[in-house]
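Engineer: Mind having a look at this structure? Questions to follow.
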Amino acid sequence: MFKPKSRPRRMRISEGIRSMVREISLSAKDFVYPIIVVPGEHVKKEIPSMPNCYQLSVENAVALAKKAYELGIPSVEIFGIPEYKDAIGSSAWDMNSPVQRAIKGIKETIPKLVIIADTCLCQYTTHGHCGKLCGEYVDNDATIELLCKVAVSQAAAGADMVAPADMMDGRIGEIRDALDKAGYINVSIMSYSVKYASAYYGPFRDAADSAPQFGDRSTYQMDPANVREAIKEVNLDIAEGADIIMVKPALSYLDIVRQVRDTIDYPVAVYNVSGEYAMIKAAAANGWIDEKRIVLETLTSMKRAGADIIITYHALDAAKWLKDLDMRTSCVNFCTFLHARLLPTY
Ligand code: PBG
Ligand code: ZN
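If you read the sequence shown in numbering that gives the first Met the number 0, its first letter stands for residue 0, the second for the next number, and so on.
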């Protein structure tokens, strides 16, 4: 009978052995949980295309952040819908806006939770673009001045990190300078360095009321067909002082995550965006897929591609599932151990 020379299946024979040779491990510590805050009180409004994700008023956002922290998730990213919008998005640096109040509330309640503030203007402008317009064109340099104000206001509210999401040229250096001048030398910058003009943002734009009112974002966000340009953006942001580099979306861009990981020595984050979440939730609601297994497999693929940090709406569920699995695995390992001790000839 044929005998293979090599038997890789030996390393798959039991959960105990599989756990010993596993190359990638996923943990709640890998996650950042996005939270969307809105004006008002006692608001908890589910986002139709994102089941189990909510628009929350400040006190509910603080409570949810606490839950994330208790599940072992180290960080939340705060997005917001303001009370008023105008042409330049001035509510984005209003210290009384929901985002600034939520940051302050979370910092006071859960000081050890790392607060990342999404730094962009699209939720705050009447036209829904990520900057100040000049005709129908987003004016790069004028926008950066405004973004600096947003970043400084978020730092003043207590953000540990700002995350510029706009894709304007040169904003990382200017924001770094503005933070330093205002005395926030230890507030870090997670740059949305490689952000593609993607249809996967659809559900979020409904949730955050931030869809552009005309045209699209392809004059500032990247063309999904480009790879070399991603590396160029990453190198520029590092030269300007970014602390963490982000690739967004995640799933269709894991090749980019791998290339970025192999090119730089900075932490790499991926954003597992709203459309990716919506597709899994919709299929799971229909009973077509096993949600828990699909989510954990998907998040594992992001780590395997090289991400150190995963921003994901699945964070709370995944953290719970990982905790359950961990308890079960340690039991399996213990049983394997007992087996080996008590039944050495087995
Ligand atoms: C805005 C912004 C976007 C997302 C977060 N902030 C993308 C966009 O509207 O272009 C997407 C988040 C998601 O889809 O989960 N700059
Ligand atoms: Zn934006």
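Backbone N, C-alpha and C fix where the C-beta goes; we use that ideal spot for every residue, glycine too.
1. Less than 6 Å between C-beta atoms, sequence neighbours within five positions excluded: which residues of the same chain meet that for S96?
2. Between the Cα of A86 and those of V37, M49, A141, spot the shortest distance and give me the residue it belongs to.
3. Judging by CA-CA distance, which residue of V269, E239, L315, M189 is the nearest neighbour of I115?
4. Could you tell me the distance, in whole angstroms, from the CA atom of I230 to the CA atom of G305?
5. List the endpoints of the continuous beta strand (DSSP E) containing T299.
6. For A158 and V113, what's the separation of their Cα atoms in angstroms?
7. In chain order, which beta strand (DSSP E) runs of at least 3 residues are fully inside the stretch 232-260?
8. The alpha helix (DSSP H) spanning A284 covers which residue range?
9. How many angstroms separate the CA atom of L132 from the CA atom of E144?
10. Helix, strand or coil for N95? Go by DSSP, reduced to three states.
11. On the criterion of 16 or more Cβ atoms from any shown chain inside 10 Å, does R292 qualify as buried, or is it exposed?
12. Ordered along the chain, which non-local residues of its own chain (more than five positions away) have a Cβ less than 6 Å from that of K307?
13. Given 8 Å as the limit, is there contact between the stretch 272-280 and the stretch 185-201, that is, 3 or more CB pairs closer than that?
14. As a quick exercise: from A283, Q153, Y123, pick the residue whose alpha carbon is nearest that of Y183.
15. Just the Cα atoms here: how many angstroms apart are I12 and V20?
16. Between which two residues does the alpha helix (DSSP H) holding S48 run?
17. Nearest to M166 by CA position, among G130, Y219, K148, is which residue?
18. Since E135 is in the beta strand (DSSP E), which residue starts that stretch and which ends it?
19. If you draw a straight line from the C-alpha of L146 to the C-alpha of G130, how long is it?
20. Run through the stretch 161-210 for me and flag every whole beta strand (DSSP E) of 3 or more residues, listed as ranges in chain order.
Structural biologist: With the given structure in hand:
1. P81, S90
2. A141
3. M189
4. 15 Å
5. Run containing T299: none in the beta strand (DSSP E); it sits in the alpha helix (DSSP H), 290-303.
6. 8 Å
7. 243-247
8. 273-284
9. 13 Å
10. coil
11. exposed
12. It is worth fixing the name first, because residue 307 is Asp in this sequence and not Lys. Taken in chain order, the residues that qualify are P266, V267.
13. yes
14. Q153
15. 11 Å
16. It is not in any alpha helix (DSSP H) - S48 carries neither H nor E in the DSSP assignment.
17. Y219
18. Looking at the DSSP string, E135 is not in any beta strand (DSSP E), and its letter there is neither H nor E.
19. 8 Å
20. 187-194
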